[in-house]
Amino acid sequence: MEIDTKDETSQEAVHELLMQRDFLLQLRKVDQLMLSQVACSMNPIAYVEQMIGSIGELFPNNLKVCVLTCDQELTQWRVINYQDWPSLGDALGNVSRVPQSLATFVASPSRAFARESNVATRADWERWQECLGDYSIDSCDLVSIQDGQKNWFTFCLFSPKFVTEIEQRMHYWALEQVLHSLPSWVKSMVIRCQTDATLQQHTNAVTGLLQPHSFAKALDMMLRDARRYFQRLAFVSVLVNEEAEEDELKLLSDILRDTLRDNDLLANVSDHEFVMAMRISQLDDGPVVAQKVQSALLKADPNQVSVLSGGVKIGVALYPEQANHDKLYFASVAAANAVTESVGFRLEYYGKFVKDLDEAYGD
């Protein structure tokens, strides 16, 4: 009899592990689906509705999902999937009041997750109990994520009471996996929305310089003209060893902008990297461009732009020696990284990093 009991327990454990494996495989498919929707720049509300639908498919009979949005001050609440919860708010999903424990959780971002038990009988959930009673709700798991405008997405995952212990254990194990996936799904959407907004901007809000994607488009046009009219171009990378603060970044941008002529290009790739592109008449103009940039940086007041004291490396690549944007960029960065002085420049010329062309031909 004891052996039979052990065998039965072992079989139950194996069965539970297989169920967990199958659930994780389904969850990974949802991960892939959500990432594909992010890649397609799906509308945020449609994206959240897709999340709700996917969670419903993972828990077809024993989970109800309610997603609320609210402002930073927690004063304006709305149910996104209001058609699933018609009695919680008005015809547009606006909710006049939410349970106090829910609002307290959202107002405490240090708490990643929360579980509210016995919500069907709790006094602070009284206004929602009529709706919750329709689904025999017992507990509510909460996770809240902030978007790019500091509004909150709050996911309320409602579960019923379970008859057996194994059913309850399996349900809450699976629910925990979803709770840990939700923040990454929402943050992926938020980052994509922020990226899309940036791509619609032509210049950087702080420096006034071209955004990298705008620089790339303008450089492609410059390269096209250079091929057509047999022109030369110089591509310059300026690397600062330390990331600049916002004020210093603006001053540094102004210094570099003063070295440009009309129709030259300048962008900041990051807080410590700038790229420039300009037309030149002849090969010998390459070192002249680098010296001009170096002189401008050396004249800057180190008290105003302290990052310059950490060192500045300037690299120059040339077209047509390097045939496209990527090759020009990689060659100029490699040339900059070959600089050994605190402030200096190198010219990339057929795989050599030199200070002038005489040095290139000297070997």
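So our numbering is basically just the index in the sequence shown, starting at one, shifted up by 193. In this text, a Cβ means the ideal position worked out from N, Cα and C, and glycines have one as well. Values in this document were obtained by computation on a predicted structure and should not be read as measured data.
Beta-carbon gap between residue i and residue j smaller than 7 Å
i	j	result
Val260	Phe348	yes
Leu442	Thr391	no
Arg472	Leu426	yes
Leu372	Val336	yes
Thr452	Ala411	no
Trp270	Val299	no
Val231	Ile273	no
Ala510	Phe428	yes
Ser446	Leu402	yes
Leu251	Gln219	yes
Asn344	Asp264	yes
Glu435	Val500	yes
Asp317	Ser303	no
Gln370	Leu444	no
Glu541	Ala528	yes
Phe467	Leu491	no
Val258	Ile238	no
Gln487	Phe538	yes
Extent of the continuous alpha helix (DSSP H) to which residue i belongs
i	result
Cys386	Glu358 to Leu392
Glu438	Premise fails: Glu438 is in no alpha helix (DSSP H) and is neither H nor E.
Lys545	It is not in any alpha helix (DSSP H) - Lys545 instead sits in the beta strand (DSSP E) that spans Lys545 to Val547.
Gln293	Gln293 to Val299
Cys324	Glu319 to Gly326
Met244	Pro237 to Leu251
Asp455	Looking at the DSSP string, Asp455 is not in any alpha helix (DSSP H), and its letter there is neither H nor E.
Asp531	Reading off the sequence shown, one finds Ala at residue 531, where the question assumed Asp. Here Ala531 belongs to no alpha helix (DSSP H), and DSSP marks it neither H nor E.
Residues bridged to residue i (per DSSP)
i	result
Leu426	Arg472 and Tyr512
Trp345	Cys263 and Gln339
Asn287	Arg271
Thr171	A question about residue 171 goes unanswered here, because the residues of the chain that appear run from 194 up to 556.
Glu466	Leu432 and Ser463
Ile448	None, per the DSSP bridge assignment.
Val258	Leu350
Asp334	Arg308 and Leu350
Val505	Val433 and Val536
Nearest candidate by alpha-carbon position, reference residue i, set the options
i	options	result
Glu266	Val258, Tyr275 and Thr297	Thr297
Pro353	Ile245, Ser332 and Leu449	Ser332
Asn311	Arg304, Gln322, Ala305 and Ser303	Gln322
Ser381	Asp340, Asp317 and Asn274	Asp340
Tyr422	Tyr512, Gly479, Gln484 and Asp494	Tyr512
Pro405	Ser374, Ser303, Asp464 and Glu209	Asp464
Ile384	Leu540, Met235, Glu552 and Ser525	Met235
Val291	Thr262, Arg304 and Leu285	Thr262
Ala307	Phe538, Leu368 and Gln393	Leu368
Ala313	Cys324, Leu375, Arg304 and Ala305	Cys324
Phe355	Leu375, Gln225 and Ser329	Ser329
Glu358	Glu209, Tyr543, Val379 and Val547	Glu209
Ala483	Leu501, Gln424 and Lys548	Lys548
Arg362	Gln213, Gln497 and Ala437	Gln213
Trp378	Ala524, Gln243 and Tyr554	Gln243
Ala419	Ala516, Gly286 and Leu226	Ala516
Asn254	Tyr554, His364 and Asn461	His364
Leu521	Ala409, Asp478, Ala305 and Asn397	Ala409
Ser374	Leu476, Gln204, Pro495 and Leu228	Leu228
Ala206	Val462, Cys233, Ile338 and Glu360	Glu360
Run of the beta strand (DSSP E) containing residue i, from where it starts to where it stops
i	result
Asn461	Leu458 to Ser463
Phe538	Val536 to Tyr542
Trp270	Trp270 to Val272
Val482	Segment Asp478 to Lys492 is the alpha helix (DSSP H) holding Val482; no beta strand (DSSP E) there.
Ala307	Phe306 to Ser310
Distance cut-off 6 Å: residue i Cβ against heavy atoms of the ligand MG
i	result
Cys324	Inclusion of the ligand MG in the displayed structure is not the case, the ligand content being empty and no account of it being possible.
Would you call the region 415 to 424 and the region 457 to 475 touching, i.e. three or more CB-CB distances under 8 Å? yes
Would you check if the region 531 to 546 and the region 501 to 508 touch, i.e. whether three or more CB-CB distances between them fall below 8 Å? yes
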